[in-house]
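Q: To start, I am sharing the structure in question, which I have written as structure tokens.
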Amino acid sequence: MTVGNMESAQLFDAGKKGRGLRATKDLKAGEVVFAEPSYSAVVFDSLASQVCHSCFRRQAKLHRCVQCKFAHYCDRTCQTACWDEHKRECGAIRKLNFFAPSENIRLAGRLLWRIHKDTGIVSDSQLVSVDQLEDHVADLSEDDVKNLHADVHAFQEYWSYGSKKHSVDYISRIFGIIKCNGFTLSDQRGLQAVGVGLFPNLCLVNHDCWPNCTISLNHGNQSAVSSSLHSQRRIELRALGKIPEGEELTVSYVDFLNLSADRQKKLKERFYFDCTCEHCSQHIKDDLMKAAAEGEGSKPSADKVKDVVAFSKECLEKIENSRVEGDYQEVVKLCQECLGKQEHVLADTNLCRLRVLSIASEVFSYMKDFSEAAALVHKMVDGYKKLYHPNNAQLGMAIMRAGVTHWHGGQIETGHSMICKAYRILMVTHGPNHAMTRDLEVMRTQTEMELKMYLKDKEAYHNMREAVLH
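Residue 50 is where the sequence shown starts when you use the numbering used here, and the numbers rise one by one after that.
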């Protein structure tokens, strides 16, 4: 499917939810409904020198723009591809004595420069103009209004479009549009948020906590010798399963791994609507997310569960503080203490237990204690499987992480099996050409070779593994 092609989706009036998109044909799992290049996008301030401002890939060595000394690129090809979007920003930064404002200010500037260039015209591949998107400025809290006024003032100092001036109300509306519709961009491995962009067609896809579509970022390809073979950075809307013609297309604006009331609160605060989807209305899976352990002995009392949950939340705050400080020994100590308290009290689907399992397995992997990490991450994945949609991208990445941990821990059979399962999920959510899927394909091939060696001669395999580790 070509970038911007909207043949598989059409705009319709979704009533109280505003506008929406529905399928114009039967779709199958993994099919790209549409792909859309970013209207405008910027890298986060904190990562400005670590992420390419064109393709949003994290790179070890980037080349800095010699004029503004702020933007960084993989190479001249990426810089040339981004110049049309960067040139006015480059001049504005130079006029501010080489001071680059925050990402919100820079994104607002890029949006306005793009609006002036396009004169607000909607193309065949863009169903709505940026000016028509919701801004919810009237719904902002008092603190948000103060922040908005500060952003507007900073933007007025930054804006350098010659004689073209804009009213405070119009600039405020642009910031409101960014706040309500900005889409977080990840790096090429999908592991870290590195920037924010605006995709007008994507803004038309309504929310559901149990959606039928997912979004992935395709970073494009600027490596081909011929520029005619280069592809743009874009988002891809993919079907999570079979979608019949005429059904509304939905995505989730928040992570499902929260209680329905917490998801509703986040959606209200961030997007200003009350979620009435089936999973929120009927509190589906809330019982699992709050579940107590069920063993052969007596079930823990409600008071015991309440006390352990309270202890876990306090412990998670301490764990996060220790992580920020880089004190991983303290993180391990706190996690072990918390998991000990949770044992036989909280189920492996309980959110508090899942969060501690996730952190503990990650830290043990970092400290090269793969056997301990594997045991913890296995429990975490078992919990995730009972909560997430079977084709959820977060589930796929968790299984991938579990597979790699088991592999590094010498458990080749389990590791290979999990990597294969993760590959099947990411083929649906990200497609065969995404960097993560390609990495998984390499790992799948490698573990398959090692598994054959292991089944043929276990002693020889373990000797080979010990030699490699040594």
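A virtual CB, placed ideally from N, CA and C, is assigned to each residue, including glycine.
All of these numbers come straight from a predicted model, not from anything done at the bench.
Please say whether ARG238 and MET485 have beta carbons closer to each other than 8 Å?
A: yes
Q: Given MET513, which residues of its chain have a CB within under 8 Å of its CB, disregarding the five upstream and five downstream residues?
A: MET502
Q: Measure the alpha-carbon distance for ASN441 versus SER301 and round it to whole angstroms.
A: 10 Å
Q: Taking the alpha-carbon positions, what's the MET492 to HIS457 distance?
A: 11 Å
Q: Let's see if you can read the secondary structure: which residues bound the alpha helix (DSSP H) around ALA340?
A: Element bounds for ALA340: n/a, residue is neither H nor E.
Q: Could you tell me the alpha carbon to alpha carbon distance between LEU520 and LYS66, rounded to whole angstroms?
A: Given a span of 50 to 519 for the chain in the structure shown, any question on residue 520 remains unanswerable.
Q: Please say whether SER371 and GLU379 have beta carbons closer to each other than 8 Å?
A: yes
Q: Starting from THR73, follow the alpha helix (DSSP H) in both directions and report where the run begins and ends.
A: Run containing THR73: none; DSSP gives neither H nor E here.
Q: Between the C-alpha atoms of MET50 and SER265, what's the straight-line distance to the nearest angstrom?
A: For MET50, the predicted structure reports a pLDDT of 39, less than 50, and the residue's modelled location is therefore unreliable. The matter cannot be settled from this model.
Q: On the DSSP letters alone, give me the boundaries of the beta strand (DSSP E) that MET284 sits inside.
A: Inspection of the sequence shows that residue 284 is occupied by Ile rather than by Met. From DSSP, the beta strand (DSSP E) with ILE284 extends over 283-288.
Q: Identify the continuous alpha helix (DSSP H) that holds PHE419 and give its terminal residues.
A: 419-436
Q: Runs of 3 residues minimum, wholly inside the region 208-247: which ones carry the beta strand (DSSP E) assignment?
A: 232-235, 242-247
Q: On the criterion of 16 or more Cβ atoms from any shown chain inside 10 Å, does LEU150 qualify as buried, or is it exposed?
A: It is Pro, not Leu, that sits at residue 150 in the sequence shown. So PRO150 ends up on the buried side.
Q: Would ALA72 and ILE292 be called neighbours here (beta carbons separated by less than 8 Å)?
A: Contact flag set, yes.
Q: Report the rounded CA-to-CA distance for ARG125 versus GLN241, giving the unit in angstroms.
A: 25 Å
Q: Spatial neighbours of GLU508 within its chain, please: CB distance less than 6 Å, with the 5 preceding and 5 following residues excluded, ordered by chain position.
A: When the five nearest sequence neighbours on each side are left out, no beta carbon in the same chain lies closer than 6 Å to the beta carbon of GLU508.
Q: Between the region 323-332 and the region 298-312, do three or more beta carbon pairs fall short of 8 Å?
A: With the cut-off at 8 Å, the region 323-332 and the region 298-312 touch.
Q: Which residue marks the beginning of the alpha helix (DSSP H) containing THR129, and which one marks its end?
A: 125-144
Q: I need the DSSP call for ASP488, collapsed to helix, strand or coil.
A: helix
Q: CA-CA distance, HIS393 and THR299?
A: 38 Å
Q: Would you mind sorting PRO481 into buried or exposed? The rule is 16 or more other CB atoms within 10 Å of its CB.
A: exposed
Q: To the nearest angstrom, report how far apart LEU475 and MET446 are at their CA atoms.
A: 8 Å
Q: How many Å lie between SER103 and THR129 at the Cα?
A: 9 Å
Q: Just to confirm, is the Cβ distance from ILE164 to VAL186 under 8 Å?
A: no
Q: Going by DSSP in three states, TYR510 sits in which element: helix, strand or coil?
A: helix
Q: Could you give the DSSP three-state label for ASN441: helix, strand or coil?
A: coil
Q: What did DSSP end up calling HIS455 once you bin it into helix, strand or coil?
A: helix
Q: Which residues in the same chain have their Cβ closer than 6 Å to the Cβ of GLN181, if we skip the five residues on either side of it in sequence?
A: none
Q: The beta strand (DSSP E) that contains ALA409, what's its start and end?
A: Annotation for ALA409: no beta strand (DSSP E) segment contains it, though the alpha helix (DSSP H) segment containing it runs 400-415.
Q: Run through DSSP, which three-state label would LEU395 get?
A: strand
Q: Go to ASN261, then tell me how far its alpha helix (DSSP H) extends in each direction, as first and last residue.
A: Counting along the chain, ASN261 falls outside any alpha helix (DSSP H), and DSSP gives it neither H nor E.
Q: Just to confirm the assignment: which complete alpha helix (DSSP H) runs, minimum length 4, are found wholly within the region 299-329?
A: 309-320
Q: Could you check whether ALA90 and LEU234 sit closer than 8 Å to each other, using their CB atoms as the reference points?
A: Yes.
Q: If you measure between the beta carbons of VAL381 and GLN391, is that distance less than 8 Å?
A: no
Q: Between ASP335 and the rest of its own chain, which residues show a CB-CB distance below 6 Å, the 5 nearest in sequence each way excluded?
A: Counting only Cβ-Cβ distances below 6 Å, and skipping sequence neighbours, we find LEU308, SER309.
Q: Where does SER89 fall in DSSP's three states?
A: Three-state result, SER89: strand.
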